[in-house]
Every structure is written in structure tokens, then in C-alpha cells.
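Engineer: Supplied in C-alpha cells, the structure appears directly below.
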Amino acid sequence: MLRAVAVTAVIALAAWAVAAEDAVTVSVSGPTEGHLGAYRNHEGHPTRRYEASLNTGATRYRFNHWVDVHPDHRPKVLPLEGMIGMTAPTGANWYGNGFLNIHLEGEQVGTVRVRAVREMESGARGSVDFEWRRPEGTWRVRFLALPQGVRLFCSVRYFPAGPPADWRLRLVCYPGRQTRDGHRMTTTAARTLEQTSTVELRRAGEWWLAIYDSVYDADHGHSDGGTAMIYAPEDVSAAKLEVTDYPVTVWLTPSGQQVRLIFWGSFFGSSNAEIVEEMQRTAEQHLEALRGTRFIHRAVFADDWRERQAEIDRLLEALGHPADPGQRAREVQREIAEIVSRLRERPGEAGPDDEPRLLDLLQRQEAVLWDMRWEELLGG
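Using the numbering used here, count along the sequence shown one by one with no gaps and you end on 378.
Listed below in C-alpha cells is the structure:
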């Protein structure tokens, strides 16, 4: 008997290990309160911080959002370094204190408090959202990764509250290492640019960038290697690249209400030449993967809720159609159907609250189902 139990436990553990290898684990924490140290002109100011991570099994992406919340800034907050930082898989490359920034008519969108930092999916895909709401509308940044993946997919979506506002993305990178004694470079499909250069990128042909430092190459003892990024060219009306002796900055002007991107945290161990060759060889495949990625929760495209509703209907009939659970089930079913239809068939009409509301409704539906199962089990 004990041997059978032990064997069963080993099989279960092995199955769990296999499943874990094919899953993305997600964590979100915050807000946590802290204080700045000797930050010039902001010494000792109180801060509020959120953190999130996506662990694919092959790499772990970690994100950081923090702001100065000193009373002098009220009713706003002050994003001193930027809106979202990438602190892993490396402390170099995409800036840990603010690599992704959204600008609106002269100021950052993040001067209002972040509305939500939430886990959206885990398992077969992993995703986290950062969301800001202003009078001009809502901006949602969604990071998404796949099991055993090294690519970080990203969607920056704007939901206007009225006439659409003009907005831009600013992406900040310190290739290889945060240093001024290197030599920054960026290669596109058309050319290689060295510090210090500022150019307008040709939207049709320069939608991928390999970003690296010619001094801090892979064989340099203090380099974390170079990086790369892709943006969907149809999502962007203008793009500008600034290669300085410190950061490399990319400015993207959206052509609509969404910009889709792929980031690489680092090509650890690959030389600059290998990174460029890899992007030249595979960029088209990555772009197709980006275009084929649904930045909508996978529950929208699953019909599990219909199966649950069918079981609820059967239980209602078996229990004599009790009024309270029946009414709750009908209300939940109606709203789920409305949101799923909108997200599937008319995504342009969807609002920023649709997906979180859908996830809440699916949990409520499951709770109703379990209540009714217990009712049936206990004899009504």
C-alpha cells in the first residue's frame, strides 16, 4: 500500500514538473511604500512601488514601476526615471528605472497614479498589465511571454475618452552596460548608426533594431551583451532613433490606438556580429509572430463558460429551478456573452474594463456552478 502511494506521488510529481516546464509563472506585488535616499532635489521623498515578473522557464522578465508621492506633487505623482523599468533578465540594456514611457502633449502619462498593475494570464501564456487613466483616456501596457520563450511581446493600447489625443512612446536602452566609456551602436535592416546620431527611421524598412556597444561586446568581462527590438511598422506613423554616448533612445509615434512590439532582454553570450546576423535572418519570422499574437485574454476565445452554463442549466432543472441561483446564473451568462462577443467580433468597441470584468464574471459563474453541485449532492 505504501509503495503504491509512493509510486503515485512520484508520478504526480513528474507530471507537475513536465507541466511546469510548459508554463509561464507570473507574480505581481505592491504597492509598497519607501523613501528616496540622496536623490538630488528629492532627498528623502516618499515613494510608491509595484513589481511584476514573467518567468518562462528559459528567462525571467521583471518589471518595476515607482513614483515620488511627496505632497508637493499632489494631485499628481512624479515618475522621476520613467513609467516602467525592466530590471531582469539583466540590469543593463532596457533601463531598469524606466525603459518604457508614454508621452502626452509634453508630459508623461504616468504623472497620474497607476490605476492597476495586474496579472492577466499564467500557464500556457503569461501576461501582466500596467494601466493609467487620465481625462484623455486610458493607456494599458501589456507584457506577454510564452513557455520557454526568450522574447517579450508587448502591446501599448490607448482607449480614448473623447477625441483621440496625440501620444508617443519613448524606449530607453543602455546596451551591454550603463557606462559612458563604451561606444554605442545600432543596426537596422538598412544601416548601422554610431554614437552620436539622431535619425528618422524609415518605417517600411527599419522596424527592427539590434542595439549594442562595440567596446562592451560579449567577450568583455563586464558586459551583459546586446539586445534588440521589433515594432509592427503598420502601428507607427513615425520613428526616431537617438544613439548617444550613454542611452540609446527610440521614439515611436502611433498611427492608431495600439503599438505592438517585441523586446529581447539580452542575447547573453552572443557577440554583436551574431546578434545582427540573427536579426537579419529571423526578423521577418518574429514580425509574423508579433502580428499573429492576440493581446486579448485567451479566455475570450475559449468556450469553457458555455459548457459550465450547460451544466448549470441541467442542475437548475434537476433542482426545480430555484429562483436565486437561477437569476444569478442568467445575469452572469448574459454579461459574459456580451463581453465575449464584443472582444471577439468588435474589439475596436471594447473598453479597458472589459477583460478584467470578464475574468471576474467567469469566477462568479464557477462559484454558482459549485454551489449548485453541492445543492444536488446534498439532496437539494
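Ideal Cβ placement from N, Cα and C applies to all residues, glycine included. Nothing here was measured: the structure is a model prediction, and the numbers come from that model.
Could you check what DSSP says for Gln146 in three-state terms: helix, strand or coil?
Structural biologist: Gln146: coil per DSSP, three-state reduction.
Engineer: DSSP state of Ser51, grouped into three classes?
Structural biologist: Strand.
Engineer: If Arg175 and Tyr229 are in contact, beta carbons under 8 Å, what's the gap, nearest whole angstrom?
Structural biologist: With a Cβ gap of about 24 Å, Arg175 and Tyr229 do not count as contacting.
Engineer: With a threshold of 16 other CB atoms inside 10 Å of the CB of Pro173, please say whether the residue is buried or exposed.
Structural biologist: Under this definition Pro173 is a buried residue.
Engineer: What residue range does the beta strand (DSSP E) around Met84 cover?
Structural biologist: Gly83 to Ala86 is the span of the beta strand (DSSP E), which, as asked, contains Met84.
Engineer: Tell me whether Gly94 sits in a helix, a strand or coil according to DSSP, three-state version.
Structural biologist: In this structure, Gly94 counts as coil in the three-state DSSP scheme.
Engineer: Can you give the Cα-Cα distance for Gly254 and Val234, rounded to whole angstroms?
Structural biologist: Taking the straight line joining both Cα atoms gives about 8 Å.
Engineer: If contacts are defined as beta-carbon pairs under 8 Å, then Leu367 and Ala297 qualify, I think. What distance do you get, rounded to the angstrom?
Structural biologist: In fact, because the Cβ distance is near 16 Å, the residues do not count as touching under 8 Å.
Engineer: So is His33 buried or exposed if we call it buried at 16+ other beta carbons inside 10 Å?
Structural biologist: It counts as exposed.
Engineer: Whose C-alpha, out of Gly96, Thr190, His181 and Asp179, is nearest the C-alpha of Val274?
Structural biologist: Nearest C-alpha to Val274: Thr190.
Engineer: Only counting the same chain, and skipping five residues up and downstream in sequence, which positions put a Cβ closer than 7 Å to that of Glu374?
Structural biologist: Leu313, Ala316 and Leu317, listed in sequence order.
Engineer: Between which two residues does the beta strand (DSSP E) carrying Glu374 extend?
Structural biologist: Not the beta strand (DSSP E): Glu374 falls in the alpha helix (DSSP H), residues Asp352 to Leu375.
Engineer: Going by DSSP, what residues sit across from Gly32 in a beta bridge?
Structural biologist: Beta-bridge pairing links Gly32 to Thr45.
Engineer: Across the segment 157 to 173 and the segment 126 to 140, are there enough close Cβ pairs to call them in contact, namely three or more that are closer than 8 Å?
Structural biologist: At 8 Å Cβ cutoff, the stretches touch.
Engineer: Classify Gln363 as buried or exposed, calling it buried when 16 or more other Cβ atoms lie within 10 Å of its own Cβ.
Structural biologist: So Gln363 ends up on the buried side.
Engineer: Are Gly83 and Asn99 close, meaning C-beta to C-beta below 8 Å?
Structural biologist: No.
Engineer: May I ask you to report which of helix, strand or coil DSSP gives Pro73?
Structural biologist: Note: Pro73 maps to coil in three-state DSSP.
Engineer: So, is Asp211 buried or exposed, given that buried needs 16 or more other C-beta atoms within 10 angstroms?
Structural biologist: Label assigned to Asp211: buried.
Engineer: Cys171 and Leu259: beta carbons closer than 8 Å?
Structural biologist: Their beta carbons are not under 8 Å apart, which means Cys171 does not touch Leu259 by this criterion.
Engineer: Can you tell which of Ala365, Tyr37 and His220 has the C-alpha that lies nearest to the C-alpha of Ile310?
Structural biologist: Residue Ala365 is the option with its Cα nearest to Ile310.
Engineer: Excluding sequence positions up to five away, which residues of its chain have a Cβ less than 7 Å from the Cβ of Glu105?
Structural biologist: Excluding positions up to five away in sequence, the list is empty.
Engineer: Classify Arg407 as buried or exposed, calling it buried when 16 or more other Cβ atoms lie within 10 Å of its own Cβ.
Structural biologist: Nothing can be reported for residue 407, as the shown portion of the chain is limited to -1 through 378.
Engineer: Measuring straight from C-alpha to C-alpha, what distance separates Gly96 and Pro245?
Structural biologist: So the alpha carbons of these two residues sit roughly 12 Å apart.
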